[in-house]
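Notes to accompany the following structure.
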Amino acid sequence: MKKRLTPKTTFLQALKEGSGWEYLSAAVWGAGCAARGQIIKGLLFLAAEAGVIGYMLSSGLYNLDKLMTLGTVGQQKVWNDEKSIFEYIDGDRSLNILLYGIITVAILICGIMLLRASVKASYRAGSFKKQGKRAPGFRRELRAYADERLHMTLLTPPLLGICAFTLLPLVFMACMAFTNYSVLDKKLVLFDWVGLKNFERTLALNGSLGQTFWSVLGWTILWALAATFSNYILGMLLALFINWKEIRIKKFWRFCFVLTVAVPHFVTLLIMRQMLQPNGAVNVLLKELGWIDSPLPFFTDTSWARITVILINIWVGVPYTLLQITGILQSIPQELYESAKVDGANPFVTFTRITLPYMLFVTTPYLITVFTGNINNFNVIYLTSAGLPRAVGSTAGDTDLLITWLYKLTIDNQYYDVGAVIGIITFITLSIVSLLTFRFSGSYRNEEGFR
Amino acid sequence: MIKASGAWKKKPAQKKIGIVLAHAFLAVLAFLWLIPIFWVILTSFRGTKGSYSSTFLPSFYTLDNYVKLFTDFSVFNFPQMLLNTLIVAAATCMLSTFFVVSVAYTLSRLRFSSRKKLMNAAMIINLFPGFMSMIANYYIFKMLGWTNGPLLRLSMIAIYSGGAGLGYHIAKGFFDTIPIALDEAAMLDGCTKWNVLRKIVMPLSKPIIVFTLLNSFAGPFKDFMLAKILCGPNKDYYTVAVGMYQMLEREYIDQWFCSFASAAVIISIPVASLFLATQKYYSIGFSGSVKG
Chain A
2 MKKRLTPKTT FLQALKEGSG WEYLSAAVWG AGCAARGQII KGLLFLAAEA GVIGYMLSSG
62 LYNLDKLMTL GTVGQQKVWN DEKSIFEYID GDRSLNILLY GIITVAILIC GIMLLRASVK
122 ASYRAGSFKK QGKRAPGFRR ELRAYADERL HMTLLTPPLL GICAFTLLPL VFMACMAFTN
182 YSVLDKKLVL FDWVGLKNFE RTLALNGSLG QTFWSVLGWT ILWALAATFS NYILGMLLAL
242 FINWKEIRIK KFWRFCFVLT VAVPHFVTLL IMRQMLQPNG AVNVLLKELG WIDSPLPFFT
302 DTSWARITVI LINIWVGVPY TLLQITGILQ SIPQELYESA KVDGANPFVT FTRITLPYML
362 FVTTPYLITV FTGNINNFNV IYLTSAGLPR AVGSTAGDTD LLITWLYKLT IDNQYYDVGA
422 VIGIITFITL SIVSLLTFRF SGSYRNEEGF R
Chain B
-7 MIKASGAWKK KPAQKKIGIV LAHAFLAVLA FLWLIPIFWV ILTSFRGTKG SYSSTFLPSF
53 YTLDNYVKLF TDFSVFNFPQ MLLNTLIVAA ATCMLSTFFV VSVAYTLSRL RFSSRKKLMN
113 AAMIINLFPG FMSMIANYYI FKMLGWTNGP LLRLSMIAIY SGGAGLGYHI AKGFFDTIPI
173 ALDEAAMLDG CTKWNVLRKI VMPLSKPIIV FTLLNSFAGP FKDFMLAKIL CGPNKDYYTV
233 AVGMYQMLER EYIDQWFCSF ASAAVIISIP VASLFLATQK YYSIGFSGSV KG
């Protein structure tokens, strides 16, 4: 085996055990590397330091200062003498200040990471010296990025993408939860930090916002449970049914169901919506058959609408479950069934004692993913019932989930602050559920392992 | 066949009835599941206009709805939408596949100190509603002025593929199934990790690369929310999904409903074939993720 290029060190260890060069490297990045002969690496560190400090001095400190207040100057009307008109001068734009502030904080964090890297690199170079060897040259280090540091090479582009287009926006949006950025009181251009006020307002039981929130949260959880388990159990029963040895042309039956997954969901959902309208195809068909006189209130009555969206979700989700579960069903050890048969177990007992526990055991992580997906199931609600029916004066309808409510609050109504609060609460709900499930499945696994 | 029918004759009559009933039940279920799809296909050929029809089955059939999509550009320019979606989808699928495969490969086959931490971080980020970052992205791009003109395409590509690395699970499940002994043997022979990736694992991984390519190619055809928010009134940059959603708006639905069904058929054919061609990976990736 080749010798390790990078013996493991932590930042504090490097400072404690290192010489004065390590302390110098914290102030002048790359100093330690350069002193041990890694000139190019040292210069690169130094250039990075110059960049970070230059940025902080030119605009970073200004951005951070602005971030504290999110801007104070409103739009101003100024008399222009030459043209003899009033001119509008732009004031501070809080949204931009917030974004630039977050970017500056991100650059600062990068700076701290580089500082630590500089100290560690200096320590490593020093430890080569101590062993009487030469510190590896620049080319040798570059080559390491195709070998023992390949993970860095491969991960850097995707991580940059994730930081820029997922993480940064998430932080940006989460910050809005602590401001009063909202159409309320015309706080759309200039807004302030308000601390936890929005959370108080949203969670309060007596306000109108709080009442809407709790009812939407209740329905969201009810929906997620109903949608997840109905799909799971029905999908499994269907898979077992098709797997039954007496059923012919299994592939054909599976194909029929899987075809519905293959068509883009937004298409089938929009079509369902159209078919279930008061004078849509389903009501027309039922009338033609003479089964009903007046159209069924699929999306106009609360209970009907809720049951309808759950049924639609069964239609959408069961084939998907079928697709994913078929493989696992076939992997259940046959001996279990045979011994159950010998003991005289009927099919129902076999299902509840063998199939279901085995499936739950194997698919707990999958169930969490599905549950998360259902809490955030935007399409099934928005494209079918659109959250209707809605009580007058409320921003959320009776079938609105937190996620569709978030959409309505931000895009339709411009209550960005409350929208962000809803997003954060959704995240907290999901974290609690996943943590509990993992806990539960962990103890479950220790008690009764199948493998 | 003869043997099978012999076995069939031996069965008691009660069981025979049960089996026939089971098949009938499956047929009814399959029919229920396929109704909406039949209905779209029938509607796409429907002769009478309007969003609602007084009969369940159309009274006469025509190709006009398809012709209209490709000739009537007064409100919706369907070929332009197809082209927009193709451009965005092509760029997105290259970038996302690169991201997904890099992340999946690294997390599956390379061992480094922060590996577990990164996987946990990915799990936590995935718990945030994806919608939240989407809305925030929209405001960021609006601030940058990327929500008008040709830059709109760039911002769509950036958002579709930017976070793609987070969805590494299926591909990782695949990489997990390739024996690690192959890598170890090659490295004992002095192969660098990059060469292991390039010469040993990649040739074995064509299926998952094709799967990821096709899957991310289909993404922009299936997503409409992001495209709708980003495009706003910029009709020239509508993707198919946004355009189709607009066809169902109150002012157009009467004229365009049947053409909506035709458009649905047109885009469903490629998306469905891509899906059916790659469906086996859904269960493979799943069993891989269970293994951890």
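Sequence lines, in order, name chains A and B.
Using the numbering used here, read the first sequence as starting at 2 and increasing by one per residue.
Using the numbering used here, read the second sequence as starting at -7 and increasing by one per residue.
Glycine included, every Cβ here is placed at the ideal spot set by N, Cα and C.
With a threshold of 8 angstroms between beta carbons, B:Lys164 makes no contact with chain A. Here A:Asn375 is near A:Trp224, since their CB atoms are less than 8 angstroms apart. Going by C-alpha positions, B:His15 is about 11 angstroms away from B:Lys8. Beta-bridge partners of B:Arg38 (DSSP): B:Tyr53.
Here the alpha carbon of A:Gly52 sits roughly 46 angstroms from the alpha carbon of A:Phe214. Its chain contains Gly43 as the residues whose beta carbon lies nearer than 6 angstroms to that of A:Ala35, once the 5 sequence neighbours on both sides are disregarded; these appear in chain order.
In the DSSP assignment, A:Tyr89 falls within the unbroken beta strand (DSSP E) covering 86 to 90. Using a CB distance below 8 angstroms, the part of the segment 218 to 233 of chain B facing chain A consists of Ile221, Ala233, ordered along the chain.
For B:Thr47, the chain A residues whose Cβ falls inside 8 angstroms of its Cβ are Val285, Glu289, in order along the chain.
Within the DSSP secondary-structure output, B:Asn140 pairs in no beta bridge.
Judged by DSSP in its simplified three-state form, A:Thr157 adopts helix. Minimum Cα-Cα distance from A:Trp194 among the listed residues A:Phe179, A:Lys131, A:Gly31, A:Gly127 corresponds to A:Phe179. Cβ proximity to chain A below 9 angstroms picks out Leu21, Ala22, Phe23, Leu24, Trp25, Leu26, Ile27, Pro28, Ile29, Trp31, Val32 from the segment 20 to 33 of chain B. Put simply, of A:Ile103, A:Val79, A:Ala122, A:Phe46 the residue whose alpha carbon is nearest the alpha carbon of A:Gly19 is A:Ala122.
Each residue's CA atom was taken as its position, placing B:Pro142 and A:Phe379 some 28 angstroms apart. The beta-bridge partner set that DSSP reports for A:Asn81 consists of A:Ile86. A distance below 8 angstroms separates the beta carbons of B:Ala253 and B:Ser36.
For A:Trp80 and B:Val234, the gap between their C-alpha atoms comes out near 45 angstroms.
Chain A places a beta carbon closer than 8 angstroms to that of B:Tyr44, counting this residue as a contact. From the listed residues A:Ile313, A:Thr364, A:Val310, A:Thr322, the smallest Cα separation to A:Ile333 is found for A:Thr364. What B:Ala150 touches in chain A, judged by beta-carbon distance under 7 angstroms, is Phe166, going in chain order. When A:Asp399, A:Leu368, A:Leu389, A:Gly21 are compared, the shortest CA-CA separation from A:Phe441 is found for A:Leu368. Per DSSP, A:Asn280 lies in no alpha helix (DSSP H) and is assigned neither H nor E. Rounded to whole angstroms, the gap between the alpha carbons of B:Phe209 and B:Ala82 is 6 angstroms. In the DSSP assignment, A:Trp194 is bridged to A:Thr180. For A:Val262, the enclosing alpha helix (DSSP H) covers residues 251 to 263. At a cut-off of 8 angstroms between beta carbons, A:Asp148 contacts chain B. Of the candidates A:Gly281, A:Asp91, A:Tyr383, A:Gly31, A:Gly281 places its Cα closest to the Cα of B:Tyr44. Under the three-state reduction of DSSP, B:Ile29 is assigned to helix. A:Asn97 belongs to the set of residues whose beta carbon lies under 8 angstroms from a beta carbon in chain B. A distance below 8 angstroms separates the beta carbons of A:Ala228 and A:Gly318. Between A:Leu115 and A:Ala49, the C-beta gap is smaller than 8 angstroms, which places the two residues in contact. Not flagged as an interface residue toward chain B: A:Val343, since no C-beta distance is shorter than 8 angstroms. Residues of chain B whose Cβ lies closer than 9 angstroms to the Cβ of A:Thr261 are, in chain order, Trp25, Leu26, Pro28, Ile29. Residue-level contact by beta carbon fails for B:Thr169 and chain A, as no gap is shorter than 8 angstroms. Residues of the segment 125 to 143 of chain B with a C-beta atom less than 9 angstroms from some C-beta of chain A are Ser125, Met126, Ile127, Ala128, Asn129, Tyr130, Tyr131, Ile132, Met135, listed in chain order.
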